[in-house]
Every structure is written in structure tokens, then in C-alpha cells.
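Have a look at the structure below before the remarks.
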Amino acid sequence: MSGAPYSADVIVVGAGLSGLCAALSAHEAGKSVIIIERANIEERGGNTRFSNGAMRAVYSGVEDIAALVGEIGEAERNRADFGDYTREQYFDDLARVTQYRTHPQMADLLVDRSRETMLWLRSQGVRFLPLYEWQFKLPDGRIKFSGGSAVECYGAGEGISAALFAACERKNIPVHYQTRVMSLIADAQGVHGVSAHQNSADVTYTGDAIILACGGFEANAEMRTRYLGPSWDLARVRGSRFNTGDGLRMALDIGAMPYGHWSGCHASSWDFNAPEVNELAYGTVFKRDDYLAGIVLNADGERFFDEGADIRSLTYAKLGRAILAQPSQIAWQIFDAKGSAQLHGEYRVRQSARFQAATLEELLGKLDGINRSKALATVAAYNNAIQSDVVYDPGRKDGRGTRGLTVPKSNWALAIDEGPFEAYAVTCGITFTFGGLRINSSGQVLDADSREIPGLFAAGEMVGGLFYFNYPGGAGLMSAAVFGRVAGQGAAA
Numbered sequence: 002m003s004g005a006p007y008s009a010d011v012i013v014v015g016a017g018l019s020g021l022c023a024a025l026s027a028h029e030a031g032k033s034v035i036i037i038e039r040a041n042i043e044e045r046g047g048n049t050r051f052s053n054g055a056m057r058a059v060y061s062g063v064e065d066i067a068a069l070v071g072e073i074g075e076a077e078r079n080r081a082d083f084g085d086y087t088r089e090q091y092f093d094d095l096a097r098v099t100q101y102r103t104h105p106q107m108a109d110l111l112v113d114r115s116r117e118t119m120l121w122l123r124s125q126g127v128r129f130l131p132l133y134e135w136q137f138k139l140p141d142g143r144i145k146f147s148g149g150s151a152v153e154c155y156g157a158g159e160g161i162s163a164a165l166f167a168a169c170e171r172k173n174i175p176v177h178y179q180t181r182v183m184s185l186i187a188d189a190q191g192v193h194g195v196s197a198h199q200n201s202a203d204v205t206y207t208g209d210a211i212i213l214a215c216g217g218f219e220a221n222a223e224m225r226t227r228y229l230g231p232s233w234d235l236a237r238v239r240g241s242r243f244n245t246g247d248g249l250r251m252a253l254d255i256g257a258m259p260y261g262h263w264s265g266c267h268a269s270s271w272d273f274n275a276p277e278v279n280e281l282a283y284g285t286v287f288k289r290d291d292y293l294a295g296i297v298l299n300a301d302g303e304r305f306f307d308e309g310a311d312i313r314s315l316t317y318a319k320l321g322r323a324i325l326a327q328p329s330q331i332a333w334q335i336f337d338a339k340g341s342a343q344l345h346g347e348y349r350v351r352q353s354a355r356f357q358a359a360t361l362e363e364l365l366g367k368l369d370g371i372n373r374s375k376a377l378a379t380v381a382a383y384n385n386a387i388q389s390d391v392v393y394d395p396g397r398k399d400g401r402g403t404r405g406l407t408v409p410k411s412n413w414a415l416a417i418d419e420g421p422f423e424a425y426a427v428t429c430g431i432t433f434t435f436g437g438l439r440i441n442s443s444g445q446v447l448d449a450d451s452r453e454i455p456g457l458f459a460a461g462e463m464v465g466g467l468f469y470f471n472y473p474g475g476a477g478l479m480s481a482a483v484f485g486r487v488a489g490q491g492a493a494a
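Numbering follows our numbering, in which position 293 of the sequence shown is assigned residue number 294; successive positions increment by one, without gaps.
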């Protein structure tokens, strides 16, 4: 059975942040646009819907923040040191966490267009708030901003998604739901459309330009195992169940160049009670990112990474891989009363794999599968190795670390010695994959010989070459918006 064909100047595949930004940008340039979305209307929005809404952008002082969030009163200015985040700092963070592999031209686009894109999002109806959650909390109650992600979207990922869908509705940009694109319509002259399944019918969409913005392969267990490696089929999916790599597959089928870190991904510490694939009703309740306040043990009762290597936003996205490599793909975050007092609210949700006890021995006795005697010895060795002569300072990287341990804790080391004690069982949660397609500065996809493929553009998770090994928190949504606009403008041109 075949359905009626559809046509527009620009066809956008995927309605996450990158796809919506691409559609709105192409429409601004005077082009007719159709958005194709695999999900139903209730589950629309891709991985964006599952995010906490943090965005990393260049800014210079509190007035730049106020331009995004609205008036910042005197009391709020007095209690928060907003600082700034220069383009040089952004480049440095991006370079360091990717081990200097990020593509310079792509990094230029992300960093230099970050602020203007934030202002553009605001003009589309997106609302922002200061992001207090990720900042340093000083002992006197003040907040010191650091790390670049200074704002978040009002309503988190749900908020930014709703605002941009509303903008599309105001501009009469149609969204075709429950439409799964299966292949590109292409010949020697380029790409002219897509073939799709819609309501049990085969349909075609034709246009002058096709923008693929339909995510990576994080929700495809077979592709995860093929590209990321053994055990990755066991990772829990933090985001959309619809990101199964369809866009990547169909682009590679016509000769697009694979590019970037295909064996890498954003994967963080995720509650062991989380379902195999996340649901919108849960959102981010299973994230477990407060490991800086304690230590993390594997089933052998040993620490296996530096919990205080850097601020949270520069380390959390690589922790999932470390946990997946542990026995039984499980670990436990261990906190005493001092650490528990620093935990965010998602730790307290009913679904948490949470254990509590008055003593450490009793707590470890509740953890099924852990080597209890070794765990006790590990905690004792950690406590004895802490540089207690260095002052603990939650307002900066304080250098209060450990001495003599095979796996150090470099900052914020506090003894695990004050009851009651808590443990949280965690595993690997994958958010998005890093491997993608090679594009040029206009978002146009290149083929295996580095030639532009006429009519084909890509944005968001579809793009490779930006993130390797790790990523700076807030850069994922920012890159989706920046490269979505780039692709929309490039397709319109």
C-alpha cells in the first residue's frame, strides 16, 4: 500500500532540538519545510525531552546571563558569583576532555556561535534560568559559577522542546508523526527525498534538501555492540527509544563518510533500578552524578576511578564506560553523613537502588555481590590516605586528595567515617553516541572521497568529529542547536 507523496523545499528528518532548529532556520530563509518524526505526538522530541536542559555557551559576566534569563535582582547578584566563560576557556575544556581530537573547524562553529544561538533560541520562545545546580556551593551559602554551563532551559528538556514545537506551529511548519524514514532517494546528481513508512503505508517525501537530524544509535543494542564493543548491549538507555541509527545507516548506504569516534559515547552513572530504556515519565530521576561527595566501589570492593578528578560537568559523561567495564556491570556509590547531605533530590526518589545503615559494616552487608572484607579494607585505606592538612573547599578544585593509593582521589576527599551511611547501586546509562557523518561548515554531508553530497545535510547526534571519549556538560544541547541552525541555513542556501 502506498500513500500520497509529499514535497517541500526542505525535508527535516527528526524533531529533536537539532531538527527543530534546522526547520525554523530554513523557514526563516523563506523555504517551505516539512518535519518527519518517527515517534507519536506524545513521545516526540528525541533525546532533548530527556535532558536536564543545561546549555554551555560563551558569556561575559552577569549582564550576558541577564540577557538570557531576564532581570537578575540585587539579592541574587549578591549571593551568586556568575563569573564569565570565554571562548578560550570553552576551547580548552572541549580540547582537554576530547584528548585534543575535536575537529578544529567544528569546535570553531560550536564555540563562536554558541552565544548568538542562545539569543536566537530566546527569540523563538525558549526561556532560560540560571543553572545553580552544577555550580560550586560555598560554605557561606553563596554560589560560584564555573565550568561554562551557566543557564538551563525553563522546564528542562521538556521546556525547550515545547517552546520550539510551539514556534513551528506559529509558523505553520507541519510535523508528520509516526513516520519512519527507511532510505534516501538518491542518484548520481545527489539526494532528492526519502522513502518512509507511515500508518502501514509506504510514502515518499521529495525536496531540494534533506536534513538528517534523527539521532545516533544509542537505542540499538546490535549497533552498540558492533561499534562500541562487548557488553554495550547491556547498557541502559537514558533517552529516546527511537534513536536506533536509521539516519546513519541510510546515509552510509549511499556513500557518506563515517567520521568521529564511532566507538565512543556519552555514558554516565545510572541507577541500577532504571529500566532498560528510559521513559518520559521518569526523565532524569535515575541520574547519579554526585559521586564527588563519596567514593565508588565495584563488586571486588575496589575503587576504579578518580571521583575528584575534575568538576562534575567534565567527568560524568565518561563514568558509564568505566562502570560497564566492572564485574557484572555494577558499582556502588558510598556516602557517609557528610556526603549524603550533598546529594541532589533525584537520589531520594522512590525508585532508587538505595541502601542505608547505621554502620559501614552493616551497610556493606546489604550490598548483594560485593566483596565485603575487601570493601572495608578499601574504605580504611582511602580514609588513611586523605591529605587532612589540606583544607576542604567545595567552592573550587581544592587539591584535598589522597596519597599513596593506586587510584587517587584528587579533590574533595572527605573520610567515610560518620554515620549513618548510604549506598546506591549504579550501572552504565548511555545518552548518545559520538560517531557520525562528516559535514562541512554549511552542514552538508561529505562522501567517502570528501566531496559534498548534493542535497544532503546533517545535524545533532548525526554529526561526527566533535566529541571524543568525553564531552563538556551542556555542550550536547548546544551543539544540537548550533549545528541545527547551520544545517537549516545551509539547506536553504
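C-beta: ideal position from N, C-alpha, C; glycine also.
For this session: For residue 153, name the three-state secondary structure that DSSP assigns.
Result: Along the sequence shown, one-based indexing puts residue 153 at 152. The answer is strand: DSSP assigns residue 153 an E or B state.
For this session: With DSSP as the reference, label residue 139 as helix, strand or coil.
Result: In the sequence shown, the residue the question calls residue 139 occupies position 138. It is coil, neither helix nor strand.
Exercise. Who pairs with residue 188 in a beta bridge, going by DSSP?
Worked result: Against the sequence shown, residue 188 aligns to sequence position 187. Under DSSP, residue 188 forms a beta bridge with 191.
For this session: Using the Cα positions of residue 32 and residue 493, report the straight-line distance between them to the nearest angstrom.
Result: Translated into positions along the sequence shown, residue 32 becomes position 31. Translated into positions along the sequence shown, residue 493 becomes position 492. One C-alpha to the other measures close to 6 Å.
Exercise. Under 7 Å between the Cβ atoms of residue 279 and residue 313?
Worked result: Here residue 279 corresponds to residue number 278 of the sequence shown, with the count starting at 1. Here residue 313 corresponds to residue number 312 of the sequence shown, with the count starting at 1. No, the Cβ-Cβ distance between residue 279 and residue 313 is not below 7 Å.
Problem set entry | Cβ neighbour criterion (16 or more within 10 Å) applied to residue 172 | Taking the sequence shown and counting its residues from 1, one reaches residue 172 at position 171. Counting of Cβ neighbours within 10 angstroms places residue 172 among the exposed residues, the total staying below 16.
Problem set entry | C-beta atoms of residue 511 and residue 325 nearer than 7 Å | Lying outside 2 to 494, the shown extent of the chain, residue 511 is not represented and no answer is given.
Exercise. Would residue 353 pass as a contact of residue 290 if the rule is Cβ separation under 7 Å?
Worked result: Here residue 353 refers to the residue found at position 352 of the sequence shown. Here residue 290 refers to the residue found at position 289 of the sequence shown. Between residue 353 and residue 290, the gap from beta carbon to beta carbon reaches 7 Å or more.
Exercise. Thinking C-beta only, is residue 435 closer than 7 Å to residue 445?
Worked result: Here the question's residue 445 lines up with position 444 in the sequence shown. Here the question's residue 435 lines up with position 434 in the sequence shown. Contact flag unset, no.
Problem set entry | contact_flag[the segment 415-434, the segment 86-102] where n(CB pairs < 8 Å) is 3 or more | Judged by Cβ distances under 8 Å, the segment 415-434 makes no contact with the segment 86-102, as fewer than three pairs qualify.
Exercise. From residue 187 to residue 23, what does the alpha carbon distance come to, in whole angstroms?
Worked result: By 1-based counting over the sequence shown, the position of residue 187 is 186. By 1-based counting over the sequence shown, the position of residue 23 is 22. Take the alpha-carbon of residue 187 and the one of residue 23: they are about 21 Å apart.
Exercise. Considering only the beta carbon of each residue, do residue 258 and residue 447 sit closer than 7 Å?
Worked result: Locating residue 258 in the sequence shown gives position 257, where the first residue counts as 1. Locating residue 447 in the sequence shown gives position 446, where the first residue counts as 1. Taking 7 Å as the cut-off, the beta carbon of residue 258 is found closer than this to the beta carbon of residue 447.
Exercise. Taking the continuous beta strand (DSSP E) assigned at residue 267, which residues delimit it?
Worked result: Here residue 267 corresponds to residue number 266 of the sequence shown, with the count starting at 1. 266-272 is the extent of the beta strand (DSSP E) around residue 267.
For this session: Report yes or no: do the segment 249-265 and the segment 50-68 share at least 3 C-beta pairs separated by less than 8 Å?
Result: With fewer than three CB-CB distances shorter than 8 Å, the segment 249-265 does not count as touching the segment 50-68.
Problem set entry | Bridge partner(s) assigned by DSSP for residue 431 | Numbered from 1 along the sequence shown, position 430 holds the residue referred to as residue 431. Bridge partners of residue 431: 238, 268.
Exercise. What's the C-alpha gap between residue 41 and residue 208?
Worked result: Here the question's residue 41 lines up with position 40 in the sequence shown. Here the question's residue 208 lines up with position 207 in the sequence shown. Between the alpha carbons of residue 41 and residue 208 lies a distance of about 23 Å.
For this session: For the segment 42-83, list the alpha helix (DSSP H) runs that are entirely contained and at least 4 residues long, ordered along the chain.
Result: With a minimum length of 4 residues, the continuous alpha helix (DSSP H) runs that stay inside the segment 42-83 are 63-70, 75-80.
Exercise. How is residue 115 classed by DSSP in three states: helix, strand or coil?
Worked result: Working through the sequence shown from its first residue, we reach residue 115 at position 114. If DSSP states are grouped into helix, strand and coil, residue 115 belongs with the helices.
Exercise. What did DSSP end up calling residue 484 once you bin it into helix, strand or coil?
Worked result: Position 483 of the sequence shown holds residue 484. Note: residue 484 maps to helix in three-state DSSP.
Exercise. What are the boundary residues of the alpha helix (DSSP H) that residue 355 is part of?
Worked result: Position 354 of the sequence shown, counting from 1, holds the residue named residue 355. For residue 355, no alpha helix (DSSP H) encloses it; the enclosing beta strand (DSSP E) starts and ends at 355-358.
Exercise. Below 7 Å between beta carbons: does that hold for residue 45 and residue 16?
Worked result: In the sequence shown, residue 45 corresponds to position 44, counting from 1. In the sequence shown, residue 16 corresponds to position 15, counting from 1. With a cutoff of 7 Å on beta-carbon distance, residue 45 and residue 16 are scored as near each other.
Exercise. Taking C-beta to C-beta, are residue 433 and residue 464 nearer than 7 Å?
Worked result: Translated into positions along the sequence shown, residue 433 becomes position 432. Translated into positions along the sequence shown, residue 464 becomes position 463. At a Cβ-Cβ threshold of 7 Å, residue 433 and residue 464 do not count as neighbours.
Exercise. So residue 101 is in the alpha helix (DSSP H); what residue range does that whole segment cover?
Worked result: In the sequence shown, the residue the question calls residue 101 occupies position 100. Where residue 101 is concerned, there is no enclosing alpha helix (DSSP H), given that its DSSP letter is neither H nor E.
Problem set entry | Sequence-distant residues of its chain with Cβ nearer than 8 Å to residue 374 (five each side left out) | In the sequence shown, the residue the question calls residue 374 occupies position 373. Once the five neighbours on either side are set aside, the close Cβ partners of residue 374 are 302.
Exercise. Among the residues of its own chain, which have a CB less than 7 Å from the CB of residue 507, if the five just before and after it don't count?
Worked result: A question about residue 507 goes unanswered here, because the residues of the chain that appear run from 2 up to 494.
Problem set entry | Bridge partners - residue 445, DSSP secondary structure assignment | For this step, residue 445 is matched to residue 444 along the sequence shown. DSSP lists 458 as the bridge partner or partners of residue 445.
Exercise. What number of angstroms, rounded off, separates the C-alpha of residue 233 from the C-alpha of residue 67?
Worked result: Looking up residue 233 in the sequence shown gives position 232. Looking up residue 67 in the sequence shown gives position 66. Distance between the alpha carbons of residue 233 and residue 67: 42 Å.
For this session: Could you name the residues of the same chain whose beta carbon sits closer than 8 Å to that of residue 102, not counting the 5 residues immediately before and after it, in chain order?
Result: Position 101 of the sequence shown, counted from the start, is the residue given in the question as residue 102. Only 262, 469, 470 meet the Cβ criterion.
Exercise. Using the rule of at least 16 other Cβ atoms within 10 Å of the residue's Cβ for burial, across every protein chain shown, is residue 114 buried or exposed?
Worked result: Here residue 114 corresponds to residue number 113 of the sequence shown, with the count starting at 1. Of the residues assessed, residue 114 falls on the buried side of the cut-off, its CB having 16 or more other CB atoms within 10 angstroms.
Exercise. What residues are listed by DSSP as bridge partners for residue 3?
Worked result: Residue 3 sits at position 2 when you count from the first residue of the sequence shown. BP columns for residue 3 point to 203.
Problem set entry | According to DSSP, residues forming a beta bridge with residue 333 | For the purposes of this step, residue 333 is taken as the residue at position 332 of the sequence shown. Per DSSP, the beta bridge partners of residue 333 are 298, 426.
Exercise. Hey, would you say residue 413 sits closer than 7 Å to residue 309, going by beta carbons?
Worked result: Numbered from its first residue, the sequence shown carries residue 413 at position 412. Numbered from its first residue, the sequence shown carries residue 309 at position 308. It is a contact, given that the beta carbons lie within the stated cut-off.
Problem set entry | Exposure of residue 299, with buried meaning 16 or more beta-carbon neighbours within 10 Å | Position 298 of the sequence shown, counted from the first residue, corresponds to residue 299. Buried.
Exercise. Any idea if residue 43 is buried or exposed, counting beta-carbon neighbours within 10 angstroms, 16 or more meaning buried?
Worked result: Position 42 of the sequence shown, counted from the start, is the residue given in the question as residue 43. Residue environment analysis places residue 43 among the exposed positions, since fewer than 16 neighbouring C-beta atoms fall within 10 angstroms of its C-beta.
Exercise. Is residue 277 helix, strand or coil when you go by DSSP?
Worked result: Stepping through the sequence shown from its first residue, residue 277 is reached at position 276. In the three-state reduction of the DSSP assignment, residue 277 falls in the coil class.
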